[in-house]
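Sequential numbering from 1009 applies to the sequence shown in the working numbering.
Note that beta-carbon positions come from the ideal geometry of N, C-alpha and C, so glycine has one too.
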Amino acid sequence: MSDFDQTVYSGRGTSEVSGAPQPATPPPAKKRNPWLIAAGVGCALLLCVALLAGVGIYLARDQLQDTLAGLSGATATLAPTSETPTSTATLSAASATEEATVEVIVETAEPTAEAETPIETETPAPPSEPEFGPITFALGATENYEPIDPGLTFQEGITQVHAIFEYSGMSKDYTWERVWYLDGKEVLRNAQKWTGDETGVFDYFIDAGNNPLFPGEWTLELYAQDELLQTGNFTIEAEIELAQSTDEAEHAADLTTPTAEAETPTPASTPAPTKPAASSGGGVYKLAYTKWDGGQHNLYVADTNGQGEKFLLNRAAGPSWTPNGQQIFFFGEAGIDRQHLADGRDFVFDGVSNGIVALLNAAALPSADLAVLQQPVDWKQGTARWASVSPDGQMVAFDAKPGGSDYRIYFLGTADNQQFRFEILGEQADWSPDSQKVVYRSGRDGKTGIWISNRDDSGHTLITNGGSDSFPAWSPDGKTIAFSRDEGGNVDIYLVNVDGSNLRRITEAPGPDSLPTYTPSGDIIFRSARSGNWGIWKMSGDGSNQKEIIPNAGVGPDWAYSKMDVR
């Protein structure tokens, strides 16, 4: 029972006590006086009339109060927060009770109207459509997302560009996507759940890890729920002398041509060969290789004399240099987008996932947080491995087995990011010096061994017929193929002429010797576990002068991911 109900009932009881008629006993008279008798009769009649009137009023008021109590009880059900003030419980007179009742009706009538309003708004309104406003590109932004140095044209050398835009109608249930194009070619795509507010201003930017962005025309597309909502573009102008000498788009997209971005920071670090010594014919070059740490492959670069080792990236396998030594192509393992730095920080590469990846500023030997990675959509081959760049720098061959089938060799164009239609049944491809043929391992035509084919999958020649023959490498003079073979339970390195003649073994140490690759001067770098642990070794092209140059360079369960390359 509410406080209001208690007040009404106590008020009604008070009125009942004060208004009830009392029985009257006429005083005895010793003498009957007719005037007094008449007066007494008149008084009795008046009392009867008053009594009848009082009973009628009492009954009518009792019914009215019960009705009002019922009304107030119904109102309280609709709006339980609107109750009679506690002070009305002290009222005792009938008039005060009636006044309190009127106040309650007025007070509860207003909340009742107010209670109806939210009922109307509870009807779900149709969700507003997501919208992105026009994009403002700028070199920076304030804490309030005001653009700093906005523009549509920027000079070469900038390291980041902010894209600032207003948005509305967004929800954390929505997925939004950003797609970047450079000179019409897609270079980055990333989609994720929306984490912002429903309405506001967003500051999204692209950077190259403190390295200059490539010159050219950049375009940004913004999607929400797979619908294109906004697009914008800006241009990074190349230096005048560069623009006069060649097309800016070729410099921005052709990974085989040195760009001002790659040359300016550390021109001396380009791995140019030293002049071979007269006695050895060796020389010192840059070796890209990996180390298996028990769970992942990690990418390193060192000199071929074993000096100057430098860690580059986690979860990067099977590297291959471009011929100018400016970039390294490799297979990015799962988690390649998240790099753990030596100082304990994690660095994230937006839009990069497992598949073929290019390290664009490899010549600078950058730390992971300064690396510039590129991975167009058609490079995202999760089963890929063994990247191999052609000597002319125009194509990349790699292994993949989509759908769980046998490995096949696919080709990408480095200049236009195109995947060629032809493919070769096989794996572990290496290029001829003229970039027209590949040597590879295959079981085609029911014959497993080392094959040579034209890069368009024509002109097939079987040069060895050993089922374990693997990891072929083409010599820089074009005459010899080095490969590994398991003979009698021991894996060693063999040589054979490109026509299949003159087969000979050049390593005989206990323990596996495998994964050979040639230096430009004709020496062979290979992996060996002859000492009990995997290391990297070097020998002359005929197998002489074998020595370890990098100890403790682990090889994972699948040796193909431990491919090396020299430039």
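Where residue i falls: helix, strand or coil (DSSP)
i	result
V1292	coil
G1543	strand
W1184	strand
D1566	coil
D1407	strand
A1561	coil
R1452	helix
P1223	coil
Q1436	strand
K1445	strand
N1462	strand
N1322	strand
A1342	coil
T1298	strand
D1485	coil
D1311	strand
Q1334	coil
T1472	coil
R1575	coil
S1492	strand
G1457	strand
Alpha carbon of residue i to alpha carbon of residue j, nearest angstrom
i	j	result
E1154	V1385	33 Å
E1245	G1159	12 Å
S1243	Y1189	Correcting the residue identity first, residue 1243 is Thr in this sequence and not Ser. When rounded, the distance between both Cα atoms is 11 Å.
T1144	D1377	27 Å
P1316	V1309	A small fix is needed here, since residue 1316 is Gly in this sequence, not Pro. So the alpha carbons of these two residues sit roughly 8 Å apart.
D1573	W1226	33 Å
P1374	I1417	30 Å
E1206	G1141	14 Å
L1320	N1306	8 Å
T1469	K1201	52 Å
T1553	D1485	Correcting the residue identity first, residue 1553 is Asn in this sequence and not Thr. Those two C-alpha atoms are separated by around 20 Å.
V1581	N1369	Look at the range of the chain in this structure, 1009 to 1575, and you will see that residue 1581 is not part of it.
D1464	L1381	29 Å
W1329	W1567	19 Å
Y1231	A1408	31 Å
V1563	N1322	15 Å
F1491	H1348	35 Å
Q1436	S1136	54 Å
D1358	N1198	7 Å
T1105	G1208	Low confidence applies to T1105: its pLDDT is 37, below 50, so where it sits in the model is not reliable enough to give any reading.
T1391	Y1415	9 Å
E1139	N1241	18 Å
G1352	K1299	20 Å
I1336	R1186	26 Å
K1546	T1150	55 Å
Burial state of residue i, where buried means 16 or more other Cβ atoms lie within 10 Å
i	result
H1170	buried
A1082	Note that A1082 has pLDDT 38, beneath the 50 cutoff, so the model's placement of it is unreliable and no number is given.
E1341	buried
S1413	exposed
F1430	exposed
K1180	exposed
Q1334	buried
Y1297	buried
Q1389	buried
G1224	buried
V1360	buried
R1535	buried
V1356	exposed
Y1182	exposed
D1157	exposed
G1434	buried
G1550	Sequence inspection shows Asp at residue 1550; the Gly mentioned does not correspond to that position. Under this definition D1550 is an exposed residue.
N1362	buried
E1495	exposed
E1516	exposed
G1543	buried
Any non-hydrogen atom of the ligand MG within 7 Å of residue i CB
i	result
S1176	Ligands are entirely absent from the displayed structure, and the ligand MG is therefore not among its contents.
* Which ranges would you report for the beta strand (DSSP E) in the region 1496-1552 if only whole runs of at least 3 residues count? -> Segments of the beta strand (DSSP E) lying fully in the region 1496-1552: 1498-1505, 1521-1526, 1532-1536 and 1543-1547.
**the region 1171-1178 touching the region 1189-1198, judged by at least three CB pairs closer than 8 Å** = Touching, no, given that fewer than three Cβ pairs across the two stretches are closer than 8 Å.
Three CB pairs or more closer than 8 Å across the region 1394-1406 and the region 1225-1240:
Because the criterion of three Cβ pairs below 8 Å is not met, the region 1394-1406 and the region 1225-1240 do not touch.
Which ranges does the beta strand (DSSP E) cover as unbroken runs of at least 3 residues, wholly within the region 1138-1210, from first to last along the chain? Taken in chain order, the complete beta strand (DSSP E) segments of 3 residues or longer contained in the region 1138-1210 are 1144-1149, 1155-1158, 1161-1163, 1168-1176, 1183-1190 and 1193-1201.
With a floor of 3 residues, list each beta strand (DSSP E) that falls wholly inside the region 1349-1431, ordered by position along the chain. Qualifying beta strand (DSSP E) stretches, in chain order: 1354-1356, 1363-1367, 1393-1397, 1403-1408 and 1416-1421.
**Request:** Answer yes if the region 1512-1525 comes into contact with the region 1478-1488, meaning at least three C-beta pairs across the two stretches below 8 Å, and no otherwise.
**Result:** Touching, per the Cβ criterion.
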